[in-house]
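Chains as they are written, first to last, in the numbering used here: chain F, 65 to 415; chain B, 357 to 740.
Where is the CB? At the ideal position from N, CA and C, for every residue including glycine.
Comments concern the structure below.
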Amino acid sequence: MNELRTILGDVVTRLFTDLVTKELLESSETAWPDALWRAVEENGLTLPLLPEAKGGAGGSWGDAFVVARAAGRHAVPLPIVETIVGSWLLSGAGLDVPSGPLTIAPVHRDERLRLTRAGGGWRLSGSAARVPWGRAAEHVVVVTEGEGSTMVTLAARGAAEVTQDQNLAREPRDTLAFESAPVIAAAPAGRGVPARAVWLYGALVRSAQMAGGLDYLLRQASQYATERRQFGKPIGSFQVIQQNLAVLAGHTAAAGTAAANAFRAADRGDAAFEIAVAKVRVGEAAGIGAQIAHQVHGAIGFTYEHALQFATRRLWSWRAEFGGEGDWAAELGRSVAERGADALWPQLTAR
Amino acid sequence: MSMQTFRFELGELPPAAEALRAEVRAFLRAELGDASPVRRAHSWGGFDREFSKKMGARGWIAMTWPKRYGGHERSALERYVVLEEMLAAGAPVSAHWIADRQSGPLLLRFGTEAQRQKFLPAIARGELSFAIGMSEPDSGSDLASLRTRAERVPGGYRVNGTKVWTSNAHLADYMIATLRTSHDPAKKHEGLTQFLVDTKLPGITMSPIIDLAGSHHFNMVVFEDAFVPEDMRVGEEGAGWKQVTTELAFERSGPERYLSSFALLLELIREVSKDPGERAAATVGRLVAHLATLRQMSLSVALMLEAGENPNLEAAVVKDVGTTFEQEVPEVVHALLGIEPTIDSGSDLQQVLGFLMQRAPSFSLRGGTREILRGIIARGLGLR
Chain F
65 MNELRTILGD VVTRLFTDLV TKELLESSET AWPDALWRAV EENGLTLPLL
115 PEAKGGAGGS WGDAFVVARA AGRHAVPLPI VETIVGSWLL SGAGLDVPSG
165 PLTIAPVHRD ERLRLTRAGG GWRLSGSAAR VPWGRAAEHV VVVTEGEGST
215 MVTLAARGAA EVTQDQNLAR EPRDTLAFES APVIAAAPAG RGVPARAVWL
265 YGALVRSAQM AGGLDYLLRQ ASQYATERRQ FGKPIGSFQV IQQNLAVLAG
315 HTAAAGTAAA NAFRAADRGD AAFEIAVAKV RVGEAAGIGA QIAHQVHGAI
365 GFTYEHALQF ATRRLWSWRA EFGGEGDWAA ELGRSVAERG ADALWPQLTA
415 R
Chain B
357 MSMQTFRFEL GELPPAAEAL RAEVRAFLRA ELGDASPVRR AHSWGGFDRE
407 FSKKMGARGW IAMTWPKRYG GHERSALERY VVLEEMLAAG APVSAHWIAD
457 RQSGPLLLRF GTEAQRQKFL PAIARGELSF AIGMSEPDSG SDLASLRTRA
507 ERVPGGYRVN GTKVWTSNAH LADYMIATLR TSHDPAKKHE GLTQFLVDTK
557 LPGITMSPII DLAGSHHFNM VVFEDAFVPE DMRVGEEGAG WKQVTTELAF
607 ERSGPERYLS SFALLLELIR EVSKDPGERA AATVGRLVAH LATLRQMSLS
657 VALMLEAGEN PNLEAAVVKD VGTTFEQEVP EVVHALLGIE PTIDSGSDLQ
707 QVLGFLMQRA PSFSLRGGTR EILRGIIARG LGLR
C-alpha cells in the first residue's frame, strides 16, 4: 500500500467511525445529513481522483477504492462514490468540478438523454430514472452522445424536474426529467471514456461499496457469535455456526479481491472485463453474505433496532443497481464466447 | 480469541515470471499438442515419468531450491507461473509434483544433509517420485490418531500398520510416511515421526483401492515388520505433527485448488460459443467471474509466501472457495445443457463432464476436508 492510501484509509475510518452513528443512519433516512457531507468534503474524500491543482488528492482509482470500500463498510448515507465518478468524468473532459454533492445519470443501460446544440450552448432532454441522491445532489453529470461523440455534461439539478423515489435502504433514487434544459457546461469525454461510462463506473463503485458492506457483515456476525450465548455457551462455539461464518469469510475475501482488482484495472485503462467480474462476484457474495449474517443474528438481526439492517438493505439494493449479476454475467459470457475458449486463459493471465 | 484480518492484497508478477510464461506455453504446446480434453481433465492426476524428466531438464522442478541440491534458485512466483500454466493446460505433473510441492521442501527444512544430497537432486531431475503416507483406516481428518507403529530396533525402526488413500504409491519410488513412535494417549500429537520409506522395501504390500469411477490411483499400503533404517527418519522423533502441519500448508495454497475443473469450463465455452443465448452466456460469465477472482486470490497468497509471510488462513480460504467452485462447474454444466455425461463415448464435452462429475467429490476431501478447512477459518475469525 502506498502512503496516500494508508493516510486515506486512516482518515476515512476515523471520520466514519466517529460520525456515521446509528442515530445518523436513522435520521438520514428522511433528511440529508448536511454536517456529515461537509465533514467528508472538507477531508478531501470526494475528489480522490482530481489533480491537486484542481483541489483533489491527485490519486488513482486504487486510492478511490479505499474511500468507496470504507463508505460501504460504514453504510455512509451520502453520494460519495457518485461524486467521485462524476468529478472524474468532468475533469477528464476538461470541465471544472463544482463543490458539493454530485450525482451521475442515466443509470440504466438502455436509458439515454439527448444533448443538442442551442445557440452558443447545449440543451439536455429526456428522463433518467432512479438516479442516486437525485434530490440531494447539487449537480448532475450526464454522459450522452452529442454530435457523434461521447459528451460529458454538467447540469444543475435545479434544471430537472425531480420525482422522488428510494431504494430499500431509503437512499434517494429519484427520476430527473430534463426538458430542453440549459446545461452549465458540456465537452467531449476524456480519452478512453466510453459512452456507457456511468453504467460501467457505477458498477465499479457499487462493487467496492458492497465489498465494504461484506467486511462489516463478517466482523459484525463473528463478533455477535462470540457474545450471544445459548445452551450455556457462545453460539460461535457450535460447529454449524462456525462453518457458516467460514463461508461468509470466503465470500467476503472473494468480494474484496474482485473489487480491488477492478479498481486496479481502471487505473490501467479498459477495465470492462474486471468490472463485469467484480459486479458478478461481489453481487453474488452480497446475497449469500446477507443471508448468513441474518441467520447468525437470529430474530434480533431482523429488527430495525439492530444496525445489521443498514448494511443488508443496502446490499440488496446495490447489487441490482448499475446492472445485476445476471446482466453483467451475460455480457461477460458473450465476450468470452466471442473470443473463444482458447483465449480465456491467456486473457486471465495477461491482466 | 480475536479476529484476525484476512489479507488479500493484489500484487504483480515480476517481468521475469511473465517472460517464463511464454516459454512454458511453447513447451506445453509441443508436448501436449494433441492431448484430448478428457486427458487434460485429469489435470494433476496424470502420471508420466518421461514428461517429468523433460520438466526436470528444463529446470522447472525444484525451481526455488538451492543450487547445491539441484535446485535453480528462482523465485516462488516463477514457480507459480510454471505451475498455473501446467494446470491450466492439464499437463501430467503427478510423477514429480508431490515431491516438488511437499516432500522436497520437507527435506529441505527438516531433512539431514545426507538425505538432501541423496534425494533432492534426483527429484529436481524429475527422476524420483514421491507419495504421501498420512491417512489410515481409522485416521482421516483426525490425523493425530495415527496408529501405524515405528518401533526402535538396532539400526532403525520396525514398522507395522496400514496406510490408505495413498495416491500413486504403486508408481512412486518413495513415500513420506508419518508414523507413531510413542504411545502416550495424553500426548498423541507428540508421538508422531516422519520417515522416508522406499516403496520396494521387504515387508510392504500394496493393494489397489479402486475409486468410484473404476480407476486405480489410491492404494492400501500394509507394513508387516518392514525395516526402515535410522538414517531415513526425517526430523527428530516426535516432531512429526509440526512437520505435517507445515507440509499441509504447502499443499493448500496453490492454483491446483481452483483449476481442477478448468478443462470442463473450456469445453463448455466451446459449446456455447457456437450460439451463445442469454442464459448460456450468463452461465459462462458467472463461472469466469469466479475463476478470475480465484486466480487473483491464489496469486495474492503466492505473493505473501514469496514475501516470507505466513498466509495459512488465506490459503485455507482459497482452498475452500476454490474447491466449491471446482465442484460447482459440472453441476452448472448439467443444469444448463442437460447432456448425458459419458465415459468414453459421445462428445469431448460429455466425456469431460462424465470424468469430472465422478472426480468432483474428492476435491473437497483431499488435502484437508472442507469441514476441517472451515474450522481453521473459524479459528481465524476468533470463534474457537
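For S213(F), the enclosing beta strand (DSSP E) covers residues 213-220. If you look at W186(F), you'll find it isn't in any alpha helix (DSSP H); it sits in the beta strand (DSSP E) that goes 185-196.
By the neighbour-count criterion, in which 16 or more other beta carbons inside 10 Å mark a residue as buried, E469(B) falls on the exposed side.
Within the DSSP bridge table, the entry for P252(F) names M215(F) as partners. DSSP places Y425(B) outside any alpha helix (DSSP H), giving it a letter other than H or E.
Less than 8 Å separates the beta-carbon of A357(F) from that of A285(F). Contacts with chain F at 8 Å (Cβ-Cβ) include R730(B). For T81(F), the uninterrupted alpha helix (DSSP H) segment begins and ends at 67-83. Just so you know, the alpha carbons of S523(B) and H573(B) end up roughly 5 Å apart. For L309(F), the C-beta contacts it makes with chain B under 9 Å involve R730, I733, A734, L737, L739, in order along the chain.
At the C-beta level, T214(F) and A259(F) come within 8 Å of one another. In the structure shown, Y614(B) adopts coil according to DSSP, grouped into three states. With a cutoff of 8 Å on beta-carbon distance, I733(B) and L669(B) are scored as near each other. Neighbours of V628(B) across chain F, judged by C-beta separation under 8 Å: G397, A401.
Taking the Cα positions, L692(B) is about 32 Å away from I728(B).
8 Å or more divides the Cβ of F618(B) from the Cβ of T504(B).
Contact with chain B is found for E389(F), since one of that chain's Cβ atoms lies less than 8 Å from the residue's Cβ.
The bridge partners DSSP lists for N516(B) are R505(B). About 5 Å separates the beta carbon of L624(B) from that of V689(B), a gap short enough to meet the 8 Å contact definition.
About 4 Å separates the beta carbon of R383(F) from that of G347(F), a gap short enough to meet the 8 Å contact definition. By the Cβ neighbour-count rule, E225(F) is exposed, with fewer than 16 other Cβ atoms within 10 Å of its own. V161(F) sits in coil when the DSSP states are folded into three classes, being neither helix nor strand. Under the Cβ criterion of 8 Å, H646(B) is counted among the residues facing chain F. With respect to the 8 Å criterion, H203(F) and L188(F) are not classified as neighbours on the basis of their beta carbons. Counted as a single uninterrupted DSSP element, the beta strand (DSSP E) harbouring R237(F) occupies residues 237-246. Going by DSSP, Y530(B) is part of the beta strand (DSSP E) stretching over 530-536. Assignment of beta-bridge partners to S495(B) by DSSP yields E492(B). Contact of W125(F) with chain B by beta-carbon distance below 7 Å is absent, the smallest such distance being about 12 Å. Taking the Cα of T561(B) as reference, the smallest distance to any Cα among V577(B), T549(B), D567(B) is reached at V577(B). Around the Cβ of A382(B), a 10 Å sphere holds fewer than 16 other Cβ atoms; the residue is exposed.
T147(F) is classed as buried because its beta carbon has at least 16 other beta carbons within 10 Å across all chains shown. Between N308(F) and Q359(F) the beta-carbon gap is near 7 Å, inside 8 Å, which marks them as a contact.
In summary, the residues of the stretch 441-468 of chain B whose CB is separated from some CB of chain F by less than 7 Å are A444, in the order they occur in the chain. If you look at T376(F), you'll find it in the alpha helix (DSSP H) that goes 372-382. Only residues of its own chain outside the window of five on either side were considered, and among them A340 have a CB closer than 6 Å to the CB of E395(F), listed in chain order. Rounded to whole angstroms, the separation of the alpha carbons of E603(B) and S571(B) is 27 Å.
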